[in-house]
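Novice: Chains as they are written, first to last, in the numbering used here: chain W, 43 to 228; chain H, 34 to 311.
And the structure:
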């Protein structure tokens with residue numbers, strides 16, 4: 043391997059300065075400024091005011107901050123805002139936007155099946171599902187539960203979440219028998 | 034839970050990245066997928082002065098199977114490798130183990146090379162690399178060198194990689210006809226760190242068991258097959274291996290429980306590898 047040219051490496055973005063970051067957030071171009079150490083989750087919430095993305099553990103375990111980066115479900119807390127520069131970021135706010143302002147079928151199913159209680163984990167789970175179901179439109183319950191292992195929900199025990207997904211994908215959940223009658227929740 | 038301040042560089046070429054790393058010395062770190070490094074940064078367990086982002090370098094997107102090796106570049110994610118339709122034929126052990134690496138959402142960004150460079154003793158990718166006899170290709174601004182996986186890991190989060198080197202790619206030997214492979218692990222939650230992970234290969238009259246999560250690095254031991262089967266004294270051999278690994282108690286499991294898992298899961302994966310030979 044020949045030795046490298048002696049040209050100096052390009053200058054990095056300085057730690058103490060805020061740098062322009064532009065993303066396409068839910069189809070709209072949005073710009074803000076970020077120190078290099080700013081997490082994408084904090085950039086969305088504090089710089090762009092997009093509070094739909096929640097912040098839980100901040101080390102990638104809980105899944106609350108999951109967003110789609112160029113379509114791919116990822117932890118916003120394990121991504122720097124400067125790394126997202128120029129990328130397409132989709133968050134929970136964009137789901138209804140892309141559906142004529144109405145909740146998507148999956149969101150409706152979440153409501154119908156009590157797939158959320160406090161709702162803190164819900165935004166992340168919906169964004170994971172929006173990517174996952176694009177790739178695997180009819181998962182088995184086992185596959186779905188494996189994917190959901192990347193999210194912590196302390197309210198539902200996941201049964202309602204599994205039922206909601208199976209409802210919209212046409213699958214059957216082992217826990218379907220416990221589904222409340224329609225009249226119970228209209 | 035916010036990183037300490039650092040400068041951030043997104044080089045346009047690998048040459049630029051390596052020059053910056055050479056200049057940055059011990060105070061520079063590279064990031065690709067960030068699924069191991071970002072938690073460390075958030076918890077301030079590492080506080081580099083300069084972060085060099087390899088994630089967008091096309092030169093590191095190599096994913097090829099040729100000349101007997103599956104070569105995975107530093108910017109290739111676990112999700113991309115898992116989605117490779119031919120993976121189960123090429124490196125069946127990796128196809129079995131990758132679903133255990135983190136979760137769907139972290140595999141979308143996490144890289145195999147990053148996991149190898151991070152060198153967590155319980156991580157699946159280093160274990161598979163050691164189990165299959167793979168190698169790690171290191172590169173700095175001046176030279177490239179290749180290190181057998183068995184020599185690469187020195188201890189928890191410690192490898193032979195110098196501060197001015199990156200893991201350019203990792204290479205897994207392609208599975209030979211007639212070989213068998215199996216993987217299992219026990220963890221608190223699927224996708225969490227393994228309490229014990231076991232990878233077995235049976236190939237050419239030899240059975241090999243590699244264990245992660247017990248010793249300070251992935252470790253392996255081989256036994257010759259006897260009349261095409263596992264040795265009659267396998268239980269004693271596994272017991273000796275389990276003790277030699279020298280695991281410790283921690284908040285997840287006792288050393289005794291870990292030894293028991295090595296004995297039980299070790300036998301299970303060896304039997305599975307033997308019976309699934311193609």
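Beta carbons: idealized from backbone N, C-alpha and C, even for Gly.
List, in chain order, every chain H residue whose beta-carbon is nearer than 8 Å to that of residue 77 of chain W.
Specialist: Per Cβ cutoff of 8 Å: 38.
Novice: Would you say residue 19 of chain W reaches chain H, if we count a Cβ-Cβ gap shorter than 9 Å as a contact?
Specialist: An answer regarding residue 19 of chain W cannot be provided, because it is not within the stretch 43 to 228 covered by chain W.
Novice: So the alpha helix (DSSP H) residue 146 of chain H belongs to, where does it begin and stop?
Specialist: Per DSSP, residue 146 of chain H belongs to the alpha helix (DSSP H) from 145–151.
Novice: Between the alpha carbons of residue 227 of chain W and residue 154 of chain W, how many angstroms are there, rounded?
Specialist: A caution first: residue 227 of chain W carries a pLDDT of 43, below 50, which makes its placement in the model unreliable, though a value can still be read off. Taking the straight line joining both Cα atoms gives about 7 Å.
Novice: So residue 292 of chain H is in the alpha helix (DSSP H); what residue range does that whole segment cover?
Specialist: Residue 292 of chain H -> alpha helix (DSSP H) spans 288–308.
Novice: Suppose the cutoff is 8 Å on Cβ atoms and the five residues either side in sequence are ignored; what does the same chain contact list for residue 290 of chain H look like?
Specialist: Same-chain partners within the cutoff: 228.
Novice: Give the residues of chain H in contact with residue 56 of chain W, contact being defined as C-beta atoms less than 7 Å apart.
Specialist: The answer, in chain order, is 40.
Novice: If you measure from the CB of residue 160 of chain W, is any heavy atom of the ligand SAH nearer than 8 Å?
Specialist: Ligands are entirely absent from the displayed structure, and the ligand SAH is therefore not among its contents.
Novice: Within 9 Å of any Cβ in chain W, is that where the Cβ of residue 298 of chain H sits?
Specialist: Output row for residue 298 of chain H: interface = no.
Novice: Excluding the 5 residues flanking residue 194 of chain W on each side, which residues of the same chain have their C-beta closer than 6 Å to its C-beta?
Specialist: Closer than 6 Å at the Cβ level, and outside the excluded window around residue 194 of chain W, lie 104.
Novice: Is there at least one Cβ from chain W nearer than 9 Å to residue 53 of chain H's Cβ?
Specialist: Cβ-Cβ to chain W under 9 Å: yes for residue 53 of chain H.
Novice: Ends of the beta strand (DSSP E) at residue 186 of chain H?
Specialist: Where residue 186 of chain H is concerned, the enclosing beta strand (DSSP E) stretches over 186–188.
Novice: Check each candidate in H:120, H:203, H:287, H:82 and name the one with the smallest Cα separation from residue 57 of chain W.
Specialist: Per the Cα distances, H:82.
Novice: Which runs of the beta strand (DSSP E) at least 3 residues long sit entirely within the region 255–290 of chain H? Give them in chain order.
Specialist: Whole beta strand (DSSP E) segments, 3+ residues: zero.
Novice: Can you tell me the Cα-Cα spacing of residue 214 of chain W and residue 154 of chain H, whole angstroms?
Specialist: Their backbone Cα atoms lie some 39 Å apart in a straight line.
Novice: Starting from the Cα of residue 106 of chain H, find the closest Cα among H:90, H:284, H:255 and give me that residue.
Specialist: Among H:90, H:284, H:255, the Cα nearest to that of residue 106 of chain H is on H:90.
Novice: Determine whether the beta carbon atoms of residue 242 of chain H and residue 230 of chain H lie at a separation below 9 Å.
Specialist: No. Outside cutoff.
Novice: Against chain C, with Cβ distances strictly below 9 Å, would residue 188 of chain W count as a contact?
Specialist: The structure shown has no chain C; the protein chains it does contain are W and H.
Novice: Identify whether residue 158 of chain W lies in helix, strand or coil by the three-state DSSP scheme.
Specialist: Residue 158 of chain W falls in the coil class under three-state DSSP.
Novice: Quick one: which chain H residues come within Cβ less than 7 Å of residue 117 of chain W?
Specialist: Those within 7 Å of residue 117 of chain W in chain H are 138, 139.
Novice: Tell me the DSSP secondary structure of residue 74 of chain W in three-state form.
Specialist: Correct three-state label for residue 74 of chain W: strand.
Novice: Please name the residue, chosen from H:194, H:255, H:270, that lies closest to residue 165 of chain H on a Cα-to-Cα basis.
Specialist: Comparing Cα-Cα distances from residue 165 of chain H to each of H:194, H:255, H:270, the minimum goes to H:255.
Novice: Cβ of residue 222 of chain H less than 9 Å from any chain W Cβ?
Specialist: For residue 222 of chain H, the answer is yes, since a Cβ of chain W falls inside 9 Å of its Cβ.
Novice: With DSSP as the reference, label residue 133 of chain H as helix, strand or coil.
Specialist: Residue 133 of chain H: helix per DSSP, three-state reduction.
Novice: Return the CA-CA distance between residue 45 of chain H and residue 281 of chain H, expressed in angstroms with no decimal places.
Specialist: Each residue's alpha carbon lies about 44 Å from the other.
Novice: Fully enclosed by the region 46–128 of chain H, which alpha helix (DSSP H) runs are 4 residues long or longer?
Specialist: List check, alpha helix (DSSP H) in window: 47–57, 70–75, 111–115, 120–123.
Novice: Just the C-alpha distance for residue 189 of chain H and residue 160 of chain H, rounded to the nearest angstrom, thanks.
Specialist: Rounded to whole angstroms, residue 189 of chain H to residue 160 of chain H spans 13 Å at the Cα level.
Novice: Quick check on the burial criterion: 16 or more other C-beta atoms within 10 angstroms. Buried or exposed for residue 287 of chain H?
Specialist: Counting Cβ neighbours within 10 Å, residue 287 of chain H comes out exposed, since fewer than 16 surround it.
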